[in-house]
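**Q** Chains as they are written, first to last, in my numbering: chain X, 1 to 115; chain L, 1001 to 1113. Quick reminder that beta carbons are idealized off the backbone N, C-alpha and C, glycines included. On a predicted model such as this, the values are computed, not experimentally measured, just so you know. Would you mind keeping the following structure in view while I ask a few things?
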Amino acid sequence: ELKVEQNPLFLSMQEGKNYTIYCNYSTTSDRLYWYRQDPGKSLESLFVLLSNGAVKQEGRLMASLDTKARLSTLHITAAVHDLSATYFCAAAPLYSGGSNYKLTFGKGTLLTVNP
Amino acid sequence: NAGVTQTPKFQVLKTGQSMTLQCAQDMNHNSMYWYRQDPGMGLRLIYYSASEGTTDKGEVPNGYNVSRLNKREFSLRLESAAPSQTSVYFCASSEWTGGYEQYFGPGTRLTVT
């Protein structure tokens, strides 16, 4: 059974600082997703990482995937208040009889960026 | 395109009542999903439908039933609501093009008293 662990679960940052959110998963996976959720809102897709070594960047956020270490990271550069939200990672198992459609989500990281 | 739509947005039920949550997508996706989100628990998969005509249990299916009415619509039914089913429910859809990236609806906030 695929398990996904994020850390930290709570992160309070100052504007302008850098930080990394970590996402570890327990069994072989080659697909990793990052989502953002604002309070009371739905989930918005940020990144889809489909292979070992994949790196994607959008603005101040950069995500990477290391399938050998079963680790994905979401790096925040020079944080701004607008990045305050909950960030989720989710992983999908390698194909096994049709279950590769399913995602297992981490519990989320609540990021607060303070002025 | 509206993407994924859900109705209702909010609902209050008494214990034992039944209701159906509706979900529709206009992206021509084959796969659809129902999740529940509880504080501190992330999202947990209730049921999913890999394609029209098929449905399968997810992590927390007890107390729920689903119907894949057609390619666009996937409904979730609570036959006899319980307070433990108080949650926010999200529907999502995906397709292989794009690596099965899931697109989420706006959610239904359900309270069972």
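Drop a sphere of 10 angstroms on the beta-carbon of Pro1008/L, count the other beta-carbons inside from all chains shown, and report buried for 16 or more, exposed for fewer.
**A** It is exposed - the Cβ of Pro1008/L has fewer than 16 other Cβ atoms within 10 Å.
**Q** Of all the options Leu61/X, Ser84/X, Leu2/X and Thr86/X, which has the alpha carbon lying nearest to the alpha carbon of Thr27/X?
**A** The residue with the shortest Cα to Cα distance from Thr27/X is Leu2/X.
**Q** Kindly list the residues whose CB is nearer than 8 Å to the CB of Asn18/X, restricted to its own chain and excluding five residues on each side of it in sequence; keep chain order.
**A** Around Asn18/X: His75, Ile76, Thr77, Ala78 and Ala79.
**Q** From which residue to which residue does the beta strand (DSSP E) around His1029/L run?
**A** Element bounds for His1029/L: n/a, residue is neither H nor E.
**Q** Determine whether the Cβ of Ala1024/L lies closer than 9 Å to any Cβ atom of chain X.
**A** So, not an interface residue.
**Q** Determine the DSSP secondary structure at Leu1069/L, reduced to helix, strand or coil.
**A** Three-state DSSP puts Leu1069/L in coil, outside helix and strand.
**Q** Give the interface partners of Tyr1103/L over in chain X, defined as CB-CB distance under 8 Å, in chain order.
**A** Here the neighbours are Ser45.
**Q** Let me see if you follow: with CB-CB separation under 9 Å, is Gly1053/L close to chain X or not?
**A** Output row for Gly1053/L: interface = no.
**Q** Please state whether the Cβ-Cβ distance between Ile21/X and Thr67/X is less than 9 Å.
**A** Against a cut-off of 9 Å, the Cβ pair of Thr67/X and Ile21/X comes out as no contact.
**Q** Looking at the structure shown, is Leu2/X part of a helix, part of a strand, or coil, going by DSSP?
**A** In this structure, Leu2/X counts as coil in the three-state DSSP scheme.
**Q** Do Phe10/X and Leu110/X have their C-beta atoms closer together than 9 Å?
**A** Yes, Cβ-Cβ distance for Phe10/X and Leu110/X is below 9 Å.
**Q** Going by DSSP in three states, Ser1080/L sits in which element: helix, strand or coil?
**A** Reduced to three states, the DSSP call for Ser1080/L is coil.
**Q** Is Gln1102/L helix, strand or coil when you go by DSSP?
**A** DSSP places Gln1102/L in coil when its eight states are reduced to three.
**Q** Check the Cβ-Cβ distances between Gly108/X and every residue of chain L, and say whether any is below 9 Å.
**A** With 9 Å as the cut-off, Gly108/X counts as an interface residue toward chain L.
**Q** DSSP three-state call for Gln1017/L: helix, strand or coil?
**A** Looking at Gln1017/L - three-state DSSP - the assignment turns out to be coil, as it is neither helix nor strand.
**Q** Report the rounded CA-to-CA distance for Asp1056/L versus Ala92/X, giving the unit in angstroms.
**A** Whole-angstrom Cα-Cα distance: 16 Å.
**Q** Determine the DSSP secondary structure at Asp66/X, reduced to helix, strand or coil.
**A** In this structure, Asp66/X counts as strand in the three-state DSSP scheme.
**Q** Mind reading off the beta-carbon distance from Glu44/X to Tyr33/X? Whole number of angstroms is fine, and I expect it under 8 Å.
**A** The pair is not a contact, with the Cβ atoms about 11 Å apart (cut-off 8 Å).
**Q** How is the beta strand (DSSP E) around Lys13/X delimited, first residue to last?
**A** Before going on, a small fix: residue 13/X reads as Met here, not Lys. From DSSP, the beta strand (DSSP E) with Met13/X extends over Phe10 to Gln14.
**Q** I'd like to know if the segment 1083-1099 of chain L and the segment 1036-1055 of chain L are in contact, where contact means that at least 3 CB-CB pairs between them fall below 8 Å.
**A** Segments in contact, yes.
**Q** Are the C-beta atoms of Arg70/X and some chain L residue less than 9 Å apart?
**A** Not one chain L Cβ lies under 9 Å of Arg70/X.
**Q** Could you confirm whether any beta carbon from chain L is found closer than 9 Å to the beta carbon of Thr104/X?
**A** Output row for Thr104/X: interface = yes.
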